[in-house]
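Residues in the sequence shown are numbered consecutively from 3, following this note's numbering.
Ideal placement from N, C-alpha and C gives every residue a C-beta, glycine not left out.
Okay, structure first, notes after.
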Amino acid sequence: MIMLTGLAGAVEPIDVTDQGAPFFDVFGPQDGLSEEIWSAVGLDAGGFIWAGSASGLARFDGYRWQTREVPGASSLVRDLLLDDDGVLWALFESDGLARYDGQRWTLEQHFPAMRHLFALERSDGGWDLWLSYGHGLARLENGRWMPDAGNGPDTRDVIATVRTEQLLGRPLQWLARYNGGGLWHRDVLDNDRYGPWQRAALPIVQDMALNSLAVSHDLGREELWIISYSTGLARLDESGLTLWRAFDACPDLSGATAASRYDCKPATLPTEAIYRAVATVNGDGRRRLWLATRAGLVHIRGDEIGVYDRSHGLPASAVRGLMTHRVNGLPVLWMATEAGLARATLADPPWRTVSLLGSRDNGIFGVLIEPDGKGSERLWAGSSQRGLALLESGGWRRFQRGDGGMPDNNVRALWRVTGPDDTSWRLVSFTDHGLYRLHDDLSFEALLQPAADAGAPGYVDAVLSRQHDREHELWVGSFGNGVYRLRDGRWTRFAEPGGQSIWRVNHLLEQIDIRGRSWLWAFSHEGLARFDGMSWEAVEVTGKAWPGDSVLLHASLQTLPSGQQLWIGTVGNGVIRVDVTDPARPVAMSDQRVPLAPDPIVYSVLADSRGVIYVCTNNGVQRLTPQTDGSYSQRVYRRSDGLVHDECNSNSQLVDRRDRYWAGTLGGLSLFDPGERRRQTILLPKPLHFTELVVDGRSVQLPAGPEIRLPPGTRELRLEYALLAGLRERESLYRSHLEGFEQQPTDWTPINTRSFSGLAPGRYRFEVEAMDANATPAEPQRLTLVLEPHWWQRRSVQLMLGGALVLAVVGGVRGYNAGLRRRQRQLRIEVAARTQQLQQANLRLTELSFQDPLTGLANRRRLIGTLSDELDRARQQDKALGLVMIDVDHFKRYNDRQGHVAGDVALRAIATALEDATRPRDLVGRLGGEEFACLVVDADSEVVKSIAERMRRQVAELTPRDLGNERDRLTISAGVLVRVPRPGEAANNMLSDCDRALYRAKHEGRNRVCVFGPVDAVVSAHESESRGL
3 MIMLTGLAGA VEPIDVTDQG APFFDVFGPQ DGLSEEIWSA VGLDAGGFIW AGSASGLARF
63 DGYRWQTREV PGASSLVRDL LLDDDGVLWA LFESDGLARY DGQRWTLEQH FPAMRHLFAL
123 ERSDGGWDLW LSYGHGLARL ENGRWMPDAG NGPDTRDVIA TVRTEQLLGR PLQWLARYNG
183 GGLWHRDVLD NDRYGPWQRA ALPIVQDMAL NSLAVSHDLG REELWIISYS TGLARLDESG
243 LTLWRAFDAC PDLSGATAAS RYDCKPATLP TEAIYRAVAT VNGDGRRRLW LATRAGLVHI
303 RGDEIGVYDR SHGLPASAVR GLMTHRVNGL PVLWMATEAG LARATLADPP WRTVSLLGSR
363 DNGIFGVLIE PDGKGSERLW AGSSQRGLAL LESGGWRRFQ RGDGGMPDNN VRALWRVTGP
423 DDTSWRLVSF TDHGLYRLHD DLSFEALLQP AADAGAPGYV DAVLSRQHDR EHELWVGSFG
483 NGVYRLRDGR WTRFAEPGGQ SIWRVNHLLE QIDIRGRSWL WAFSHEGLAR FDGMSWEAVE
543 VTGKAWPGDS VLLHASLQTL PSGQQLWIGT VGNGVIRVDV TDPARPVAMS DQRVPLAPDP
603 IVYSVLADSR GVIYVCTNNG VQRLTPQTDG SYSQRVYRRS DGLVHDECNS NSQLVDRRDR
663 YWAGTLGGLS LFDPGERRRQ TILLPKPLHF TELVVDGRSV QLPAGPEIRL PPGTRELRLE
723 YALLAGLRER ESLYRSHLEG FEQQPTDWTP INTRSFSGLA PGRYRFEVEA MDANATPAEP
783 QRLTLVLEPH WWQRRSVQLM LGGALVLAVV GGVRGYNAGL RRRQRQLRIE VAARTQQLQQ
843 ANLRLTELSF QDPLTGLANR RRLIGTLSDE LDRARQQDKA LGLVMIDVDH FKRYNDRQGH
903 VAGDVALRAI ATALEDATRP RDLVGRLGGE EFACLVVDAD SEVVKSIAER MRRQVAELTP
963 RDLGNERDRL TISAGVLVRV PRPGEAANNM LSDCDRALYR AKHEGRNRVC VFGPVDAVVS
1023 AHESESRGL
């Protein structure tokens, strides 16, 4: 648990804007893109995203990218830009300008040495499109590109143009020339008249290798950005000129600049290879500039620079093109890179990445917010291998082993509590060095080192401060050595409840009951324990919802109208709720009105001041909002929503006093601010389109109008459609109806396609509805389908044929009756033969439904079903049941090295070896991947262990050739469980306990067999992974 105390009301919240990388949605060959350089991104009038590559175009419908041919064009796409008439223009470097009218692309005009397209806003709010090329500028006028009247010797080799309204005190159009041509500007007299071009009086800029220009506004102040390729980045504003460089050198002007101030920032850029720039504005009016560079996506907020590259999730570090637009009122940034496309939401999303600390290891362990003594807050974050980080006054500081006596880089948790001396204590738990106090002078003082024995590491996972008998005392829970108390300057260790030899405490919690009495609860691998003021005792919880021997990781106390409840996060059983209104008689509760957690492993359960509950799991964060009827609505957040990683970590979540939720995960630290979510989201209907019509396996051009006629004999047709939601497209829902064929619409579904076959000739109307992830409905789309009949299906022809048919029927009745008995006899024979074939086919289908297709062993379904049946039989007969769980050691490494074909060969060989080691009545099955299990009936522990040992030996004896390669062997680890099933025990309980023995076998070195026993360590799936097991 992360505890926060002592925050003053006047303390300003910490600003974490842009502290971490944005969340990038990444698109590559798996999404339909070709494996080539991508250079430009654009948006058409219908809402489709387009991307330009080194050889063509692709369109994105929210689900996949599809290549779109432009007849006569196959060179690099430099730019994509939409005009005021809804026409999308593409600039092909060698082929010319192509236009898209919403239906098809056509190649239009060509200018020499074409460079880029630019949209300049006019004073009347409209936009002018400009083209820079070798002889100057061209402007789009009435659908045609016309050379600018001001072109001349001063406008050769133009690469960029922009317009400003305030700089130098008047509206100006700016022009950048490459090949040393410098920066120029001219007065804008009105929207169609301009003054002569003049060279800008900026000596620094004139010596730069100019590549692009951009305009932004920061707190209302206009800025001109001058972008070069190899000579830095410059900004001109009302106060002067600022130059950023990647190198240490800065030019010396000695007063030669016309700007009132000249500032140079050497060694601040990651590179000077800069392509383009776009600007966005935060809700507070602060500008954010985004640069496409060869070193990544560069971000400038104020004068602070951030860099995001492939290590932050981009497809490649080399970013070539940028485009921004808005979705639900939020700016969205698209990036074209040299290995695919990426998308990021920029302005105040509900989830914000704060830090990527530990993302290359096991992520965040420990989060703490505290006052900084300067009227604001500061943030501490710990990691499993990268030490501590402190965010204060907008900057990060790192603490490693040795700094201030810091003993280790492996942090387990952070707390801020009231110490026994009534002052605030900042505590840090280290994996291998116990509990330390971190003083305000940033020095570390050792407090407690629990002994590591019996296979338990002894680190501290729980800290609790409480006031008792007018004194503060500190309680500490360790992983392996139980509970300690610091009172009157002395540590006291408490005996394990129930005489257990090991007590792995994950969390401590204080409850003040309705009578005002204090109770302490301990949540551990051994279950639930309670402190009544004298000693700890194991607690028996009544109620069918209590899972028995579940591992308890975390809990929070909820005070509801119905009483006090513990909401407990567990390993394998999600969230368990226990009524502790009477702490002496806890009762497990079951309530269908509370949605299940999205994953059975729950690391923490925390509530904010409004009763909203956050459940951090192995597969996302669940947000439960209380309703007036006592139920809870839910929303599950994952990476697609901006959460930095789906898998949470223990001891790494907190709700602060402003109801912000901080989530430490395997990939870093994220922040959820519900207040920002309410302010920023603007829910607008999104465009819904038909995207493809396939008739008898052939794609057909969609009509421009509301109707399409299909040829006679049409057998099958498939309609695809897409809601262009802009974000979280795969959470959109659709409902459709084919009038004339269906009685009512379908249910809502995420599937965006419908297929029909066997439609009779006639007229049908297909209607599709859609709503996005926020349940915002779109305007329904309709398409009329006219299936033409064959000549003989026309009504007039059918009437004629009907009369002739009557005559033919009368004449044929007698001949038909004569042969009827003969056909009936033959039919009986055929029916008997077909019945036999059908029975054989059904038998084969039954066999396949219970068989793993790769190995031929029983599949998971059959294995679990048989185990459940045998559990009942063994329980009734009071006989032991044996189970062996097997995992192939280092199989992923083998698969990566030898390939999937060799991996399949190896799994089949291992399956054969396992089955050969068993008795005829034993059942061997494949659970999935490289995991197998064997059910052994009517056998004692020695027999089961000998079977497991024989399995291990026979797999180890397989030659590399048996396994499908020339040099590598494989081994297995196995866990063995033999016992008489307990009352109510399910198959999953047996598998879970057997898996613990398997875990120990791998923990002790692999290629061995371990039998389940009382000392087996049970750790969460993530903790297993963090130790490389």
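query                                                                                                                                                                                 : result
Along the chain, where does the alpha helix (DSSP H) containing residue 867 start, and where does it finish?                                                                          : 862 to 879
With a cut-off of 8 Å on the beta carbons, I'd call residue 727 and residue 777 a contact; round off their distance for me.                                                           : In fact, because the Cβ distance is near 11 Å, the residues do not count as touching under 8 Å.
Is any heavy atom in the ligand FAD found nearer than 6 Å to the beta carbon of residue 731?                                                                                          : Within the structure as shown, the ligand FAD is missing, as the structure has no ligands at all.
Just tell me which of 287, 70, 120 has its CA closest to the CA of residue 80.                                                                                                        : 120
How many angstroms separate the CA atom of residue 146 from the CA atom of residue 369?                                                                                               : 59 Å
Note the first and the last residue of the continuous alpha helix (DSSP H) segment covering residue 775.                                                                              : Note, residue 775: premise wrong, no alpha helix (DSSP H); not H, not E.
Using CA coordinates, which residue listed in 233, 576, 583 is at the minimum distance from residue 619?                                                                              : 576
By the 10 Å Cβ neighbour count, where 16 or more other Cβ atoms means buried, how is residue 900 classified, buried or exposed?                                                       : buried
Between the C-alpha atoms of residue 643 and residue 354, what's the straight-line distance to the nearest angstrom?                                                                  : 10 Å
If I'm right that residue 622 touches residue 638 with Cβ under 8 Å, what's the distance once you round it to whole angstroms?                                                        : 5 Å
For residue 366, name the three-state secondary structure that DSSP assigns.                                                                                                          : strand
Considering residue 207, what are the terminal residues of the alpha helix (DSSP H) in which it resides?                                                                              : 205 to 208
Kindly indicate which three-state DSSP category residue 837 falls into: helix, strand or coil?                                                                                        : Summary for residue 837: the model assigns pLDDT 46, below 50, so the residue's position carries little reliability; its value from the coordinates is reported in the next sentence. Helix, per DSSP.
Are residue 314 and residue 23 touching if we call contact CB-CB under 7 Å?                                                                                                           : yes
If distances are taken between C-alpha atoms only, which option among 217, 183, 191 comes closest to residue 201?                                                                     : 183
If you follow the alpha helix (DSSP H) that residue 905 is in, where does it begin and where does it stop?                                                                            : 902 to 918
Kindly give me the distance between the Cβ atoms of residue 248 and residue 269, rounded to whole angstroms, as I take these residues to be in contact under 8 Å.                     : 7 Å
Bridge partners of residue 384, per DSSP?                                                                                                                                             : 390
Specify the secondary structure class of residue 156 as computed by DSSP and reduced to three states.                                                                                 : helix
Quick one: what's residue 379 bridged to in DSSP?                                                                                                                                     : 373
Using the three-state DSSP reduction, which class does residue 947 fall into: helix, strand or coil?                                                                                  : helix
Between which two residues does the alpha helix (DSSP H) carrying residue 991 extend?                                                                                                 : 989 to 1005
Can you list, in chain order, the stretches of the alpha helix (DSSP H) that have 4 or more residues and sit fully within the stretch 457 to 486?                                     : none
Report the three-state DSSP secondary structure of residue 546 (helix, strand or coil).                                                                                               : coil
Of the residues 886, 209, 410, which one's Cα is nearest the Cα of residue 997?                                                                                                       : 886
In three-state terms, what does DSSP make of residue 584?                                                                                                                             : coil
Identify which residue in 289, 283, 273, 305 has its Cα closest to the Cα of residue 321.                                                                                             : 273
In whole angstroms, what separates the C-alpha of residue 19 from that of residue 356?                                                                                                : 8 Å
Kindly confirm or deny that the stretch 948 to 957 and the stretch 856 to 874 touch, where touching means at least three C-beta pairs closer than 8 Å.                                : no
Among 698, 779, 443, 758, which one has its Cα closest to the Cα of residue 733?                                                                                                      : 779
Spatial neighbours of residue 345 within its chain, please: CB distance less than 6 Å, with the 5 preceding and 5 following residues excluded, ordered by chain position.             : 27, 336
Looking at the structure shown, is residue 651 part of a helix, part of a strand, or coil, going by DSSP?                                                                             : strand
Using DSSP with H/G/I as helix, E/B as strand and the rest coil, what is residue 975?                                                                                                 : strand
For the stretch 176 to 239, which segments carrying the beta strand (DSSP E) assignment without a break, of at least 3 residues, lie completely within its bounds, in sequence order? : 184 to 192, 212 to 220, 223 to 230, 235 to 239
Please name the residue, chosen from 938, 113, 129, that lies closest to residue 149 on a Cα-to-Cα basis.                                                                             : 113
Return yes when the Cβ of residue 553 is within less than 7 Å of the Cβ of residue 588, no when it is not.                                                                            : no
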